[in-house]
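Right, one structure below, let's go through it.
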Amino acid sequence: MSRVQLALDVSNIEEAVAFYAKLFGTGPAKVRPGYANFAIDEPPLKLVLLENPGHGGGLNHLGIEVPDIGTVNAEQARLAEAGLASADERDTTCCYAKQDKFWVQGAPDGRSWEIYTVLADSQTFYGEDSGGAACCGTDADADAGPSAGVAASAAKCC
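In case it helps, the working numbering puts the sequence shown at residues 399 to 556.
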């Protein structure tokens with residue numbers, strides 16, 4: 399199943415998880431320090447919460463979660479044929495998950511969208527070998543919104 403992803407900066411992860419669990423009538427699929435996500439069936443939504451004290455309430459980033467790598471590849475080809483540029487991020491660990499993804503560039507107002515699939519769970523936000531470098535998005539994306547993500551380094555991650 400494909401679903402739209404909405405990643406929000408929140409001031410307090412515990413309060414946000416409690417609110418969204420009530421709002422959508424389901425608990426989170428994953429909770430880690432400063433991070434939670436909900437895989438909501440109805441409406442089909444992947445809600446990602448990134449703790450960012452003092453900067454809550456802002457949009458972190460947008461995406462579309464797809465079921466597999468074949469769909470990631472097919473969407474990238476379809477969008478390239480439509481004339482939209484993309485930036486690959488394959489076999490990356492971000493937001494407590496190993497992922498294959500790409501970022502669609504050129505949207506109005508400079509906002510990029512990620513199209514991704516989760517390959518496996520991760521016990522760390524970026525994976526053991528990233529050295530803490532930002533795992534998703536581009537430099538242009540960092541200026542696209544008010545967020546600094548989880549402790550500034552997770553600004554464009556799901």
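Don't be surprised by glycine CBs; every beta carbon is placed ideally from N, CA and C.
Which value, in whole angstroms, describes the spacing of the CA atoms of T382 and G525?
A question about residue 382 goes unanswered here, because the residues of the chain that appear run from 399 up to 556.
Please state the DSSP three-state secondary structure of F436.
strand
A532 (DSSP reduced to helix, strand or coil)
Annotation note: pLDDT 47 at A532 (below 50); position unreliable, coordinate value reported separately. Three-state result, A532: coil.
Assuming G432 and W511 form a contact by the criterion Cβ under 8 Å, report the distance between their Cβ atoms to the nearest whole angstrom.
G432 to W511, Cβ: 23 Å. No contact.
Enclosing alpha helix (DSSP H) for Q474 [first to last residue]:
467-479
I need the DSSP call for V464, collapsed to helix, strand or coil.
coil
Spell out a yes or no on whether the segment 466-475 and the segment 501-515 are touching, meaning 3 or more CB-CB pairs, one atom from each, closer than 8 Å.
yes
Measure how close the beta-carbons of F436 and F417 come, nearest whole angstrom, since I'm counting them as under 8 Å.
With 8 Å as the limit, F436 and F417 do not qualify as a contact, their Cβ atoms being about 11 Å apart.
Whose C-alpha, out of T469, S400, Q521, A478, is nearest the C-alpha of G504?
A478
Roughly how many angstroms lie between the CA atoms of V464 and V502, to the nearest whole one?
14 Å
Assuming K499 contacts S520 under a Cβ cut-off of 8 Å, what Cβ separation, rounded to an integer in Å, is found between them?
Their Cβ separation, rounded to whole angstroms, is 14 Å, which puts K499 and S520 out of contact at 8 Å.
Let me know the secondary structure DSSP gives F523 once reduced to three states.
coil
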